[in-house]
Amino acid sequence: NTIGVRFEPPRIAFGRRGRWLNLKLGPSTTVGLDTTYLSRELRICRGAGSAVSFVFRADTCVPGAPLYERARAWVDVCERPPLSQRSAVVGLALAAV
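Heads up: take any position in the sequence shown, counting from 1, add 733, and you land on our numbering.
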């Protein structure tokens with residue numbers, strides 16, 4: 734079974750919930766993942782063209798789990814609109830002066 738996964742561009746954020754600086758850098762990417770193992774708790778996939786392994790656990794970000802609060806913080810960062818590339822370049826140029 735192969736699934737298509739779309740990864741958004743990498744995000745760089747500073748400040749609580751990305752309020753001080755929030756940038757998207759680079760392109761988005763779509764990859765095919767071949768599922769080699771699947772259970773209710775775990776999915777193991779390999780990149781369809783690269784054989785890079787991906788391991789997804791269903792229990793790491795659910796309420797009460799160890800990573801839940803950190804995952805929620807990233808949801809807030811990703812919901813915040815990033816600076817445009819033009820604004821980022823102007824800001825960085827001004828900061829360098």
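Ideal placement from N, C-alpha and C gives every residue a C-beta, glycine not left out.
Quick one: Cα of residue i to Cα of residue j, how far?
i, j, result
"residue 736", "residue 829", "44 Å"
"residue 780", "residue 771", "15 Å"
"residue 821", "residue 752", "14 Å"
"residue 827", "residue 812", "27 Å"
What span of residues does the beta strand (DSSP E) with residue i cover, start to end?
i, result
"residue 767", "762-771"
"residue 780", "775-780"
"residue 791", "Note, residue 791: premise wrong, no beta strand (DSSP E); not H, not E."
"residue 738", "735-740"
"residue 758", "That residue, residue 758, is in no beta strand (DSSP E); it is neither H nor E in DSSP."
Would you call the CB atoms of residue i and residue j closer than 8 Å?
i, j, result
"residue 740", "residue 768", "no"
Within a Cβ cutoff of 7 Å, which residues of the same chain sit near residue i, ignoring the five residues on either side of it in sequence?
i, result
"residue 790", "774, 775"
"residue 787", "766, 778"
"residue 748", "754"
Tell me the residue span of the alpha helix (DSSP H) that contains residue i.
i, result
"residue 810", "801-812"
"residue 823", "818-829"
For residue i, I'd like the list of residues in its chain whose CB is within less than 8 Å of its CB, leaving aside the five on either flank, ordered along the chain.
i, result
"residue 816", "754, 755, 756, 824"
"residue 799", "793"
With distances taken from CA atoms, which of the options is nearest residue i?
i, options, result
"residue 795", "818, 787, 805, 786", "805"
"residue 750", "810, 820, 822", "810"
"residue 743", "778, 803, 799, 807", "807"
"residue 760", "746, 748, 818", "818"
"residue 745", "827, 826, 814", "814"
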